[in-house]
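Protein sequences appear in the order of chains A and B.
Going by the working numbering, 97 is the number at position 97 of the first sequence; the sequence numbering is gapless.
Whatever position you read off the second sequence (first residue = 1), add 1000 for the working numbering.
Please read the structure below before turning to the comments.
2 protein chains.
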Amino acid sequence: MYPQTPNQSVRGLNPHVSVDCVIFGFDFDRLNVLLIERDIHAPHKNNIPQRRFALPGNLVDDNENLDESARRVLRELTNLDDIYLEQFYAFGSPNRVQNEYDRHWLRTMRADPDARVITIAYFSLVKLSDYHPSPSSWARSAVWCPVEDIPDLAFDHNEIMDKAIVSLRNMLATRPIAFKLLPEKFTFGQLQKVYEVVMGTTFDKRNFRRKITNMKILIPLEEKQQGVPHKPARLYRFDSDKYREMLTEDLVFAV
Amino acid sequence: MYPQTPNQSVRGLNPHVSVDCVIFGFDFDRLNVLLIERDIHAPHKNNIPQRRFALPGNLVDDNENLDESARRVLRELTNLDDIYLEQFYAFGSPNRVQNEYDRHWLRTMRADPDARVITIAYFSLVKLSDYHPSPSSWARSAVWCPVEDIPDLAFDHNEIMDKAIVSLRNMLATRPIAFKLLPEKFTFGQLQKVYEVVMGTTFDKRNFRRKITNMKILIPLEEKQQGVPHKPARLYRFDSDKYREMLTEDLVFAV
DNA sequence: TTAATTAGTGTTAGAGTGACACTAATAAGC
DNA sequence: GCTTATTAGTGTCACTCTAACACTAATTAA
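This is the structure:
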């Protein structure tokens, strides 16, 4: 049981290639990212933090392609499935493991703990409320952490995070992925909030409305918000045919 | 000498990770890509082509990061150096090696020929006339091939090529890299040609001129083309301060 | 009744985009 | 020296997009 080498023999894990997943979770308030806390088998040394967070990631199996691998690893560590993952960059500095504690942890986890590992990073953006990560495998916990409060992460995961945010924003600016984050019926205000939270800015309400309206992707409903302590907003749903069209277009959403 | 395993023991090549380089060469006429022809140690079987082209690529060394590796591999195979390489995607299907001939070739080249290899792909765009690739290492020849005439390539290299072109076009559309392809003094016609060849379209001359002029990146010279059998065009050079600014901006060049 | 909160709306000035056709300058060929 | 072939160079118009800007309306809570 310890050191724990999860099915390594059965699976044929490639000792040199891993995948890491940056899962952004949107909650109408801020942008979060999914971190896992390591199960600590290691004895605690002086000055070495006892809690250590990381992006969900692990070695690639020899029979699966990278996309499948990212999906599996995410599932194994967090019990999240059915998440569309987009590859965005490979990180392969020989010095990815600098921290002594990380090295120690690898020794408890990997058959070949000193192997130099290149990692292929993926990101996704999901509705936080739809996913309730629960830790498994070697994760002690799996938590949503606001992107402004990201702690020091394992390995080069802070660097991966930074690049992921850039990729996420590029994605949102060119593809209508915002709609995946909304309930079926939503208001203009909610839609705008998605863009604002992810992009990290604010937009002019009227200009935003006009821009979206011109895309002709929203269908207005004869229904309003209920129970809100202010003027209730009209509800909309989005036109899924139009949405599918736009997924393959070259559109640029620069509000 | 045969099978040839280039310094594998000295270097510590990672058997599972490679880099591949898609070097686009622009020659004012069309877009080319740099291919290497394999040195054929293998006996020729029936129906198996005797010439086999591939993108320059090789295994990553354990002491170098991915960018360095791409650079080294390109140098070793083609004697090209000082080329800025941009990483664009990682390819890692377990079935990257399907062709029998490719498998055979790997057996002649690699210490661990059946290892499953993930490759990190890079691209670059250079002025063809500036670079004279000469084959070395296991390359029999290194040739510029027009992108319209790319033959069947080794492994999944055709797939890599396709994705590289998309990345190249995105790059050209957002960064003023076209200027690297021109001589110090150039005409509007030449600049437009760069965009047309790389983007694979044509643009309206007047609109193009206006767009570029508005960027205020060109400095008109008191000089004209000479020796051309038509009205000689005015020469320009580009403002390198402005150029550096634009490299970091979010500009979109959608002519 | 009042306060707090968010929804909802239009205009204007400026910049950018796409479509479009003719004259000018040169070398080459005759 | 005339003609031809070739590329350079130029302006306008209609349209769309963009950024900036302020007030009224509807609801709940206190």
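In this text, a Cβ means the ideal position worked out from N, Cα and C, and glycines have one as well.
Have a look at the DSSP bridge pairing and note the partners of B/W1144. Under the DSSP definition of a beta bridge, B/W1144 partners with B/L1034.
Residue burial classification, B/L1235 (beta-carbon count within 10 angstroms, cutoff 16): Classification for B/L1235: buried.
According to DSSP, which residues form a beta bridge with B/R1237? BP columns for B/R1237 point to B/I1219.
According to DSSP, which residues form a beta bridge with B/I1118? DSSP, once it has assigned bridges, lists B/V1017 as partnering B/I1118.
Helix, strand or coil at A/L247 [DSSP, three-state]: A/L247 carries a helical assignment under DSSP once its states are collapsed to helix, strand and coil.
Which partner residues does B/D1061 have in the DSSP bridge list? According to DSSP, B/D1061 bridges with B/L1013.
What separation, rounded to the nearest whole angstrom, lies between the Cα atoms of B/F1091 and B/E1245? The alpha-carbon of B/F1091 is positioned some 33 angstroms away from that of B/E1245.
Per DSSP, A/K242 forms a beta bridge with which residues? Note: A/K242 sits in no beta bridge, so no partner.
How about the stretch 1054-1073 of chain B and the stretch 1017-1031 of chain B: do they share at least three Cβ pairs that are nearer than 8 angstroms? Yes: the two stretches touch, three or more of their Cβ pairs being nearer than 8 angstroms.
Please report the straight-line C-alpha distance between A/W268 and A/Y101, rounded to a whole angstrom. Past the edges of chain A, shown from 1 to 255, lies residue 268 of chain A, and the structure says nothing about it.
Does any residue of chain A have a CB that is nearer than 8 angstroms to the CB of B/L1013? So no, B/L1013 is outside the interface.
Take B/R1107 and list the residues in its own chain whose beta-carbon comes closer than 6 angstroms to its own, dropping the five residues that flank it on each side. Taken in chain order, the residues that qualify are P1113.
Going by C-alpha to C-alpha distance, which of B/V1097, B/R1103, B/R1110 and B/S1069 sits closest to B/P955? With chain B represented from 1001 up to 1255, any question about residue 955 of chain B goes unanswered, as that position is not in the structure.
Quick check: what's the CA-CA separation for B/E1068 versus A/K205? Counting only the Cα atoms, A/K205 lies some 47 angstroms from B/E1068.
The stretch 1156-1168 of chain B in contact with the stretch 1183-1195 of chain B per 3-pair CB rule at 8 angstroms: No, the stretch 1156-1168 of chain B is not in contact with the stretch 1183-1195 of chain B.
To the nearest angstrom, report how far apart B/R1116 and A/I118 are at their CA atoms. B/R1116 and A/I118: Cα-Cα distance of roughly 14 angstroms.
Compare the C-beta of A/A90 with all C-beta atoms of chain B and state if any pair is closer than 8 angstroms. Yes, its Cβ sits closer than 8 angstroms to a Cβ of chain B.
Taking DSSP's pairing of strands, which residues face B/Q1087 in a bridge? Looking at the DSSP assignment, B/Q1087 forms a beta bridge with B/Y1122.
Alpha helix (DSSP H) segment containing B/V951, residue limits: Residue 951 of chain B falls outside the range modelled here, since chain B spans only 1001 to 1255, and no answer is possible.
Coarse secondary structure for B/K1127, derived from DSSP in three states: B/K1127 falls in the strand class under three-state DSSP.
Any C-beta of chain A within less than 7 angstroms: which residues of the stretch 1092-1107 of chain B qualify? Those would be G1092, S1093 and P1094, in chain order.
Taking A/E76 as part of the alpha helix (DSSP H), name the residues at either end of that continuous run. For A/E76, the enclosing alpha helix (DSSP H) starts and ends at L66 to T78.
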